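K.L.:
Residue numbering for the sequence shown follows the working numbering, starting at 387 and increasing by one per position.
We put the CB at the ideal spot given by N, CA and C, even for glycine.
All of these numbers come straight from a predicted model, not from anything done at the bench.
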Amino acid sequence: MLPFPAQIGLIADTHLLRSRSLPDSLIDGLARCDLIFHAGDISRPWVLEYLTTLAPVYAVQGNSDDDGSGLMATLPLERLFRCGPHTIGLVHGHDPSGITRMTARVRAVDRMRGIVDWVVYGHSHRPVIELVDGLWMINPGSPTQPRWAPAATWGTLDVRDEVQARLIQV
């Protein structure tokens, strides 16, 4: 059970190695949140260790989070949370088996529809907020590697009686 009400900072696909850092505007924004969700592709444990100095962090493993038997290997592939009357899922969106070719969006719907009200996912680096078959979805994009998106982004969920989702440009 998460604290309620809560402002949840959302990030994904940071892919950070030692030579790069998180943008200052992202750090400032996350420091104002009650919690941080990282939807995978963290790449190095130091990223999570740093984020925990800002707020409590909940993360899932992405397809680029293989550090052998270290911290990343202990991360679950998906997480479920209750925040007041709302249920929220956290998943990266990749297929760990590599068998299917589903998009991250389709995989997130497939894993979470009927289980949660909201799902936070990553993998595609494409920021979006949408309602799919009764499931609210948010992909915060990437604050460090926007790839196919026009800008680097992160997001928030303001969880109260209603949930307000927002995408924020870095």
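1) Assign MET387 to one of two classes, buried (16 or more other C-beta atoms within 10 Å of its C-beta) or exposed (fewer than that).
2) So PRO513 and PRO526 are in contact, right, with Cβ under 8 Å, and what is the actual spacing, rounded?
3) In terms of alpha-carbon separation, which member of PRO431, TRP540, TRP534, PHE390 lies closest to ILE524?
4) Within this structure, are the beta carbons of HIS424 and GLN531 separated by less than 8 Å?
5) What whole-angstrom Cβ distance do LEU463 and ALA441 have, given they're in contact under 8 Å?
6) Closer than 6 Å by C-beta to GLY468: which residues in its own chain qualify, once you throw out the five before and the five after it? Chain order, please.
7) Could you name the residues of the same chain whose beta carbon sits closer than 8 Å to that of PRO431, not counting the 5 residues immediately before and after it, in chain order?
8) Within 10 angstroms of its Cβ, does ALA551 collect 16 or more other Cβ (buried), or is it exposed?
9) Please work out which residues of its chain come closer than 6 Å, Cβ to Cβ, to GLY475, disregarding the five sequence neighbours upstream and downstream, and give them in chain order.
10) Restricting to Cα atoms, I'd like to know which of ASP451, ASP414, PRO471 is closest to VAL549.
11) Could you tell me the alpha carbon to alpha carbon distance between PRO391 and ASP547, rounded to whole angstroms?
12) Over the uninterrupted alpha helix (DSSP H) stretch that includes VAL477, give me the two end residues.
P.N.:
In this structure, then:
1) Counting from 1 along the sequence shown, the entry for residue 387 is found at position 1. The residue in question, MET387, is exposed, as its Cβ has fewer than 16 Cβ neighbours within 10 Å.
2) Walking along the sequence shown from the start, residue 513 turns up at place 127. Walking along the sequence shown from the start, residue 526 turns up at place 140. That pair is a contact at about 6 Å.
3) Within the sequence shown, numbered from 1, the residue matching residue 524 stands at position 138. Considering only alpha carbons, the answer is TRP540.
4) Against the sequence shown, residue 424 aligns to sequence position 38. Against the sequence shown, residue 531 aligns to sequence position 145. Cβ atoms of HIS424 and GLN531: not closer than 8 Å.
5) Here residue 463 is taken as the residue at index 77 of the sequence shown, counted from 1. Here residue 441 is taken as the residue at index 55 of the sequence shown, counted from 1. Between ALA441 and LEU463 the Cβ distance is about 23 Å, and since that is not below 8 Å, they are no contact.
6) Along the sequence shown, read from residue 1 onward, the residue named residue 468 stands at position 82. Inspection of the sequence shows that residue 468 is occupied by Arg rather than by Gly. Only MET387 meet the Cβ criterion.
7) Against the sequence shown, residue 431 aligns to sequence position 45. Excluding residues within five positions, the ones whose Cβ falls inside 8 Å are ASP453, GLY456, LEU457, MET458.
8) Locating residue 551 in the sequence shown gives position 165, counting from the first residue. Result: buried.
9) Here residue 475 refers to the residue found at position 89 of the sequence shown. Spatial neighbours of GLY475 in its own chain (CB-CB distance under 6 Å, excluding positions within 5 residues in sequence) are listed in chain order as LEU466, MET498, VAL502, VAL505.
10) Here the question's residue 549 lines up with position 163 in the sequence shown. Of ASP451, ASP414, PRO471, the residue nearest in Cα terms is PRO471.
11) The residue you call residue 391 lines up with position 5 of the sequence shown. The residue you call residue 547 lines up with position 161 of the sequence shown. Their Cα atoms are separated by approximately 8 Å.
12) Counting from 1 along the sequence shown, the entry for residue 477 is found at position 91. Not the alpha helix (DSSP H): VAL477 falls in the beta strand (DSSP E), residues 472 to 477.
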